[in-house]
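Numbering (our numbering), first residue to last: 165 to 660.
Note that CB positions come from ideal geometry on N, CA and C, so glycine has one too.
Following this line, the structure appears as structure tokens:
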């Protein structure tokens, strides 16, 4: 808008520039495809740190070269990775649990719960249910814990009415990163732990001896002692506080926290008693005639409802890695993923069959040509020396491409899981060096030379000389070398 010059002086008018800035894009986003401990199957997921990879895909496991490759990628300067979890077809199972209700005439299932992704990790999930809501006769709360008792997700004020704004199936499936549910009934699931009958407005005589058993440990105590406890409870909330105090004062079994961490919740005219444990065997039972008279056991359930039956998938075979373009599985999951520049398949290096390796590499090379991606090929683990590499490179003739580069030999690093040295395929570390080089220097700088140091590498499985390098380099083998002072380096930047 023009400036209104109403009085003499100097006016500054800012005009929009006709030159539009060009936003840079990342040039070293690396896709890793293969077996992981957990995570969504055949769906690309971006991570920007190894900590995020651990949260989404379960971190390192001896059965997954992908986890180590991602660890080395970020350790060498990588910034963005795309992970595609692939397992052998027909393997892997989601952990599950069924929540039941006794609000009707009989006990019946009302909520089927499944871990969101296949894997044994789901068997470590626990569900805690309570009715401690503003509407304790209509809604319920659901918490998702791990086996150590850490709460990861909480859903409050849920309803089993499909017309309710907090309908359990809709809310949980939309917001949970851990589970998905299916409503199979209309009643609310029973609370976890032990729930009393509804107390009358006037509480009964509480000066009684009670016997409580949690798991295999049985203890006796006086619920209300007028000489020690002061004024008696006047409502259910005060009764809950008193009972919680009494339970927590009882001695636990060695190494247990069932009594010390016990929780007593008042909702409506009822109380819910939950052991301070995530062991499903630690059920709270109130024994004897006095407990029956007080109505402390209207329903008895474990302190948490565990998911069970989760099974890890087996490592993928060649067909699984190649995947289906129609189903967007395996390699084909990358077809609609934007801005992927590098592709690593670290599982191929351990294949005993060269034919299987080349079958996958052929499909990967075609995808890379179509999507303008560069394929990082790990030399087979069987190449134990220069002669083996010179003889073996001939088999790669069908996949020679200006969209691929092969790196030899493998790396010797300390395994974070065992603390011992072991060999790893180099593609993860190489991808990290490429990302670091692009960021520090630019895409015009070849990721090789004295600046292309491999961080965290103890040594190489084959020590190459200048003569060895001279024999392999013309064949399209990018050599990794170790030099005094400089340490392990990438010493080649040729395409395959």
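1. Fully enclosed by the segment 408-479, which beta strand (DSSP E) runs are 3 residues long or longer?
2. Rounded to whole angstroms, what is the Cα-Cα separation between residue 659 and residue 490?
3. Quick check on residue 517: buried or exposed, where buried means 16 or more other Cβ atoms within 10 Å of its Cβ?
4. State the DSSP-derived secondary structure class of residue 537, mapped to helix, strand or coil.
5. Can you give me the C-alpha to C-alpha distance between residue 312 and residue 488, rounded to a whole angstrom?
6. Put residue 629 into one of helix, strand or coil per three-state DSSP.
7. Is residue 558 helix, strand or coil when you go by DSSP?
8. Name the residue from 655, 307 and 649 whose alpha carbon lies nearest to the alpha carbon of residue 643.
9. What distance in whole Å lies between the Cβ atoms of residue 569 and residue 236, which are believed to be in contact at a cut-off of 8 angstroms?
10. Please list the terminal residues of the continuous alpha helix (DSSP H) segment that includes residue 320.
11. Just list the beta strand (DSSP E) runs in the segment 344-375, keeping only unbroken ones of 3 residues or longer that don't cross its boundaries, in chain order.
12. Are the segment 313-327 and the segment 226-235 touching by the rule of at least three beta carbon pairs closer than 8 angstroms?
13. Roughly how far, in whole angstroms, is the beta-carbon of residue 273 from the beta-carbon of residue 349, given that I think they are within contact range, below 8 angstroms?
14. Assuming contact is defined by CB atoms lying nearer than 8 angstroms, are residue 403 and residue 437 in contact in what I supplied?
15. Closest to residue 529 by C-alpha separation, out of 499, 546, 211 and 379, would be which residue?
16. Please state the DSSP three-state secondary structure of residue 270.
17. Tell me the rounded alpha-carbon separation between residue 378 and residue 310.
18. Give me the residue from 255, 234, 422 and 448 with the minimum Cα distance to residue 217.
19. How many angstroms separate the CA atom of residue 400 from the CA atom of residue 364?
20. Roughly how many angstroms lie between the CA atoms of residue 502 and residue 567, to the nearest whole one?
21. How is the alpha helix (DSSP H) around residue 219 delimited, first residue to last?
22. Identify which residue in 546, 549, 527 and 586 has its Cα closest to the Cα of residue 563.
23. Kindly indicate which residue of 505, 276 and 416 has the alpha-carbon position closest to the one of residue 291.
24. With 16 other CB atoms within 10 Å as the buried threshold, where does residue 647 fall?
25. How should residue 578 be labelled, buried or exposed, when 16 other C-beta atoms within 10 angstroms of its C-beta is the threshold for buried?
26. Please state whether DSSP places residue 610 in a helix, a strand or coil.
27. With DSSP as the reference, label residue 587 as helix, strand or coil.
28. Looking at C-alpha atoms only, which residue of 558, 587, 480 and 649 is the closest neighbour of residue 251?
29. Using the beta-carbon count (16 or more within 10 Å), is residue 389 buried or exposed?
30. Counting only runs of 3+ residues fully inside the segment 225-269, write out the beta strand (DSSP E) ranges in chain order.
31. Residues in its own chain within less than 6 angstroms of residue 241 by CB, not counting five upstream and five downstream?
32. When you compare only the Cα positions, how much space is there between residue 331 and residue 469?
33. Distance check for residue 467 and residue 531, CA to CA, integer angstroms please.
34. Based on the DSSP secondary-structure assignment, which residues constitute the bridge partners of residue 568?
35. Applying the criterion that 16 or more other CB atoms from any shown protein chain within 10 Å of the CB defines a buried residue, is residue 281 buried or exposed?
36. Of all the options 575, 386, 318 and 627, which has the alpha carbon lying nearest to the alpha carbon of residue 414?
Looking at the atomic coordinates:
1. 427-431, 434-438 and 448-451
2. 30 angstroms
3. exposed
4. coil
5. 39 angstroms
6. coil
7. helix
8. 655
9. Residue 236 to residue 569, Cβ: 17 angstroms. No contact.
10. Run containing residue 320: none in the alpha helix (DSSP H); it sits in the beta strand (DSSP E), 315-322.
11. none
12. no
13. 6 angstroms
14. no
15. 499
16. coil
17. 20 angstroms
18. 234
19. 9 angstroms
20. 17 angstroms
21. 214-221
22. 527
23. 276
24. exposed
25. exposed
26. coil
27. strand
28. 480
29. exposed
30. 245-249 and 260-265
31. 596, 599 and 600
32. 20 angstroms
33. 51 angstroms
34. 539
35. buried
36. 386
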